[in-house]
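Participant: Numbered per the working numbering, the sequence shown spans residues 718 to 873.
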Amino acid sequence: MEQHSLKIFTDGGCSGNPGPGGWAYVFVMQTFQGEQVIAQNMGSEKETTNNRMELTAVIEALRAFKTMLDIPRTAVVYTDSQYVQKGITEWIRAWKRNSWRTSDKKPVKNQDLWTILDALAGELPVKWEWVQGHAGNEFNELCDAMTQEAIAISKY
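Okay, here's the thing in structure tokens:
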């Protein structure tokens, strides 16, 4: 990890797709005591999709990152969603060039969230990394557990 950089782990999911959904993020910084969680949050929606929750997790994390004053202003976003990672680093340029149409001329799904994410990502010095889900990464696992908790809450 680069010195003075922030690691942002995100996750989102649903019970059913669509169905009740949840999202979560965890901010991790290197300290003299090792990696420490410095912020975390989660939320839910009653009726949504996995991809919308994955995008919402990253959007909410970047909104929070933008408001933090006492941390270095670089971050690496770790997501276990290739949809999010490839979407923001590769696919979005073509979508915008093609008036938010996919290569087969269909409207891009979740354009409302992609537009928000694109604007936030353009304002912040972030790098994007895909991380294998459910593979023992402590902070990805924490995000997953928080997402599951948020889904459970959203069912009531």
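Note that the Cβ used here is the ideal one computed from N, Cα and C, for glycine as well.
(1) Taking the alpha carbon of ASN768 as the point to measure from, which residue in GLY738, ALA836, ALA792 and GLU855 has its own alpha carbon closest?
(2) Are the beta-carbon atoms of THR796 and VAL775 separated by less than 8 Å?
(3) Is it true that the CB of GLU846 sits closer than 8 Å to the CB of VAL801?
(4) Taking just the CA atoms, how far does GLU764 sit from GLY733?
(5) List the whole-angstrom C-beta distance separating SER871 from THR791, where the pair is believed to meet the contact cut-off of C-beta under 8 Å.
(6) Go through its chain and collect everything with a Cβ distance to GLN865's Cβ below 8 Å, but skip five positions before and after it.
(7) Using the three-state DSSP reduction, which class does ASN734 fall into: helix, strand or coil?
(8) Closer than 6 Å by C-beta to PHE856: which residues in its own chain qualify, once you throw out the five before and the five after it? Chain order, please.
(9) Taking the alpha helix (DSSP H) that GLY853 belongs to, which residues open and close that run?
(10) Is it buried or exposed for GLY839, if we count other Cβ within 10 angstroms and need 16 for buried?
(11) Would you please state the rounded distance, in angstroms, between the beta carbons of LEU772 and LEU830? I believe it to be under 8 Å.
(12) Thinking just about the alpha-carbon of each residue, which of ALA741, LYS844 and GLU858 is nearest to the one in GLY781?
(13) Does the Cβ of GLY853 have 16 or more other Cβ atoms within 10 Å, making it buried, or fewer, making it exposed?
(14) Rounding to the nearest angstrom, what Cα-Cα distance links ASP835 and MET770 in this structure?
Facilitator: According to the data block:
(1) Here residue 768 is taken as the residue at index 51 of the sequence shown, counted from 1. It is GLY738 whose Cα lies nearest to the Cα of ASN768.
(2) Taking the first residue of the sequence shown as 1, we reach residue 796 at position 79. Taking the first residue of the sequence shown as 1, we reach residue 775 at position 58. The answer is yes: Cβ separation under 8 Å.
(3) Numbered from 1 along the sequence shown, position 84 holds the residue referred to as residue 801. Numbered from 1 along the sequence shown, position 129 holds the residue referred to as residue 846. No, the pair does not count as a contact, with Cβ atoms beyond the cut-off.
(4) As a working mapping, residue 733 is identified with position 16 in the sequence shown. As a working mapping, residue 764 is identified with position 47 in the sequence shown. If I take the Cα positions, the gap works out to 9 Å.
(5) Counting from one through the sequence shown, the residue named residue 871 turns up at place 154. Counting from one through the sequence shown, the residue named residue 791 turns up at place 74. By a beta-carbon distance limit of 8 Å, SER871 does not contact THR791. Their separation comes to about 33 Å.
(6) Your numbering for residue 865 matches position 148 in the sequence shown. The residues are GLY730 and GLY739.
(7) Against the sequence shown, residue 734 aligns to sequence position 17. Collapsing the DSSP output to three states places ASN734 in coil.
(8) The sequence position of residue 856 within the sequence shown is 139, counting from 1. Spatial neighbours of PHE856 in its own chain (CB-CB distance under 6 Å, excluding positions within 5 residues in sequence) are listed in chain order as PHE726, VAL743 and VAL745.
(9) Against the sequence shown, residue 853 aligns to sequence position 136. Premise fails: GLY853 is in no alpha helix (DSSP H) and is neither H nor E.
(10) Reading the sequence shown from its first residue, position 122 is the one you call residue 839. The residue is exposed, with fewer than 16 neighbouring Cβ atoms inside 10 Å.
(11) Residue mapping note: residue 772 aligns to position 55 of the sequence shown, counting from 1. Residue mapping note: residue 830 aligns to position 113 of the sequence shown, counting from 1. The beta carbons of LEU772 and LEU830 sit about 4 Å from each other, so the pair counts as a contact at 8 Å.
(12) Mapped onto the sequence shown, residue 781 falls at position 64. Note on residue identity: the sequence assigns Ala, not Gly, to residue 781. Sorting ALA741, LYS844 and GLU858 by C-alpha distance to the C-alpha of ALA781 places ALA741 at the top.
(13) Numbered from 1 along the sequence shown, position 136 holds the residue referred to as residue 853. Here GLY853 is exposed. Its C-beta has fewer than 16 other C-beta atoms within 10 Å.
(14) To locate residue 835, count along the sequence shown from 1; it is residue 118. To locate residue 770, count along the sequence shown from 1; it is residue 53. CA-CA distance, ASP835 to MET770, rounds to 16 Å.
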